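Just below is one structure, and these are the notes that go with it.
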Amino acid sequence: MTVAELKELLGARVLNEGVDLSREVGSAYVCDLLSWVMAKGAPGTAWVTVMNHLNVIAVATLLDMSCVIIPENIEVKPETLEKAAEEEIPVLSTGKTAFEIAGLMHSKGLGDPVK
Amino acid sequence: MRELSLHILDLAQNSLTANAKRLDILVSEQKALDRLTITLQDDGKGMSPEFLANVTSPFTTTRTTRKVGLGIPMFKANAELSGGDFDIWSQVGVGTRMTANFVLSSIDRPPLGDMVSTMISLVIANPTFHFHYEYAVDGEAFTFDTEEIMQVLGGVPLDTPEVVSWMMDYLKEGMESLHGGA
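Going line by line, the protein sequences match chains A and B. Mapped onto our numbering, the consecutive letters of the first sequence carry residue numbers 4 to 118. Mapped onto our numbering, the consecutive letters of the second sequence carry residue numbers 7 to 188.
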């Protein structure tokens with residue numbers, strides 16, 4: 004599944020418009036503790052988090068993730084989105100909860116990140 | 007990080023990389039002010055004003071292997087998440103000092119964690135380095151200073167198993183005696 008297809012599946016919006024959505028999503032992960040995600044995430048992971056500061060983009064960049072998904076329509080800081088655009092990390096937003104997002108991704112066969 | 011002691015372990019590495027000779031780690035619980043303060047101060051090479059201005063951004067790093075550094079940014083974010091704040095001062099040739107204030111009772115404040123293991127890990131990995139650790143609870147303090155210990159031991163390395171075992175007990179008893187809660 005590509006990021007564009009994931010966006011459709013979740014009924015999500017892209018907060019940093021213009022970013023490339025053709026990347027393949029390899030796995031999915033849900034966690035808000037950034038250091039934990041640093042240890043668990045992998046290249047291509049779609050990451051769901053309620054955190055909205057710049058450090059999120061740094062972790063996603065570090066691990067070469069496919070996208071970041073922000074649940075419950077949580078507002079994301081402009082500086083976070085600017086950096087996400089620069090680093091070419093799509094930031095998706097949806098009104099769904101992390102639980103619902105995880106359920107949808109799981110139903111389409113996305114699994115845990117493999118290091 | 008799930009525990010504040012892991013931040014301390016991580017940030018101490020910055021001081022070692024900066025060729026510091028001494029690192030002061032101060033942990034202070036002030037129950038009346040509902041505050042937990044962590045200060046790290048070293049006499050390393052310090053940072054230029056330009057680097058310092060951007061050091062809390064995760065896209066600022068001295069690493070050459072990757073462009074992202076999250077040690078200081080995650081520490082700052084954790085302090086702010088608990089309703090606290092973060093401040094850093096540095097001067098080239100003098101050193102660096104950073105202070106994070108946490109709201110002691112905040113549900114989003116990570117626990118202090120295992121400071122005994124943190125200090126022991128640091129000392130074993132750097133047995134000749136001068137670590138000065140102070141843990142204070144409402145004004146009462148416990149101090150662990152590796153230079154003092156080295157002087158008393160007169161040449162016995164700090165990473166000798168018997169010395170490590172003694173240091174663990176000393177740290178454990180010293181910290182427990184203050185009845186902190188963090």
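We put the CB at the ideal spot given by N, CA and C, even for glycine. Keep in mind the model is a prediction, meaning the values are calculated, not measured.
### Task
Write down the C-beta distance between D93 of chain B and T102 of chain B rounded to the nearest angstrom, noting that I regard them as a contact closer than 8 Å.
Here the question's residue 93 of chain B lines up with position 87 in the second sequence. Here the question's residue 102 of chain B lines up with position 96 in the second sequence. Rounded, the Cβ-Cβ distance is 12 Å, inconsistent with contact.
### Query
What's the C-alpha gap between P46 of chain A and S183 of chain B?
Residue numbering aside, residue 46 of chain A sits at position 43 when the first sequence is read from its first letter. Residue numbering aside, residue 183 of chain B sits at position 177 when the second sequence is read from its first letter. When rounded, the distance between both Cα atoms is 47 Å.
### Task
Thinking D165 of chain B and S11 of chain B are a contact (beta carbons under 8 Å), I'd like their distance in whole angstroms, please.
In the second sequence, residue 165 of chain B corresponds to position 159, counting from 1. In the second sequence, residue 11 of chain B corresponds to position 5, counting from 1. No, D165 of chain B and S11 of chain B are not in contact; Cβ-Cβ is about 20 Å, not under 8 Å.
### Query
In three-state DSSP terms, what is S96 of chain A?
Start at 1 with the first residue of the first sequence, and residue 96 of chain A comes out as number 93. Looking at S96 of chain A - three-state DSSP - the assignment turns out to be strand.
### 6 Å Cβ shell around S96 of chain B - same chain, five flanking residues per side excluded
Translated into positions along the second sequence, residue 96 of chain B becomes position 90. Same-chain partners within the cutoff: G52, M53, L58 and T102.
#### Entry: Integer Cβ distance of F81 of chain B from H13 of chain B, believed to fall under 8 Å
In the second sequence, the residue the question calls residue 81 of chain B occupies position 75. In the second sequence, the residue the question calls residue 13 of chain B occupies position 7. Yes, F81 of chain B and H13 of chain B are in contact; Cβ-Cβ is about 5 Å, under 8 Å.
### Task
Output yes or no for whether 8 Å exceeds the beta carbon distance between K43 of chain A and L95 of chain A.
Within the first sequence, the letter at position 40 stands for residue 43 of chain A. Within the first sequence, the letter at position 92 stands for residue 95 of chain A. No, the pair does not count as a contact, with Cβ atoms beyond the cut-off.
### Residues from the segment 47 to 81 of chain B in contact with chain A, defined by Cβ distance under 7 Å
S63, P64, F65, R72, V74, L76, P79 and M80
### Message
Using C-beta distances below 6 Å, list every residue in its chain close to L46 of chain B, excluding the 5 sequence neighbours before and after it, in chain order.
### Response
Walking along the second sequence from the start, residue 46 of chain B turns up at place 40. Result list for L46 of chain B: L17, I31 and M104, in chain order.
#### Entry: Member of B:L39, B:D48 and B:D175 whose CA lies at the smallest distance from the CA of L29 of chain B
In the second sequence, the residue the question calls residue 29 of chain B occupies position 23. The candidate whose alpha carbon is nearest that of L29 of chain B is B:D48.
### Query
Does A83 of chain B have its Cβ less than 8 Å from a Cβ in chain A?
Translated into positions along the second sequence, residue 83 of chain B becomes position 77. Yes - at least one Cβ of chain A is within 8 Å of the one on A83 of chain B.
### Query
Rounded to whole angstroms, how far is the Cβ of S139 of chain B from the Cβ of M125 of chain B, which I believe are closer than 8 Å?
Counting from 1 along the second sequence, the entry for residue 139 of chain B is found at position 133. Counting from 1 along the second sequence, the entry for residue 125 of chain B is found at position 119. Correcting the residue identity first, residue 139 of chain B is Tyr in this sequence and not Ser. So it is a contact: roughly 6 Å between Cβ atoms.
### S21 of chain B - containing alpha helix (DSSP H), residue span
The sequence position of residue 21 of chain B within the second sequence is 15, counting from 1. Per DSSP, S21 of chain B belongs to the alpha helix (DSSP H) from L10 to T23.
### Message
Can you tell me where the beta strand (DSSP E) holding D142 of chain B begins and where it ends?
### Response
The sequence position of residue 142 of chain B within the second sequence is 136, counting from 1. Position check: residue 142 of chain B holds Ala in this sequence, whereas Asp was assumed. Its beta strand (DSSP E) spans residues H136 to V143.
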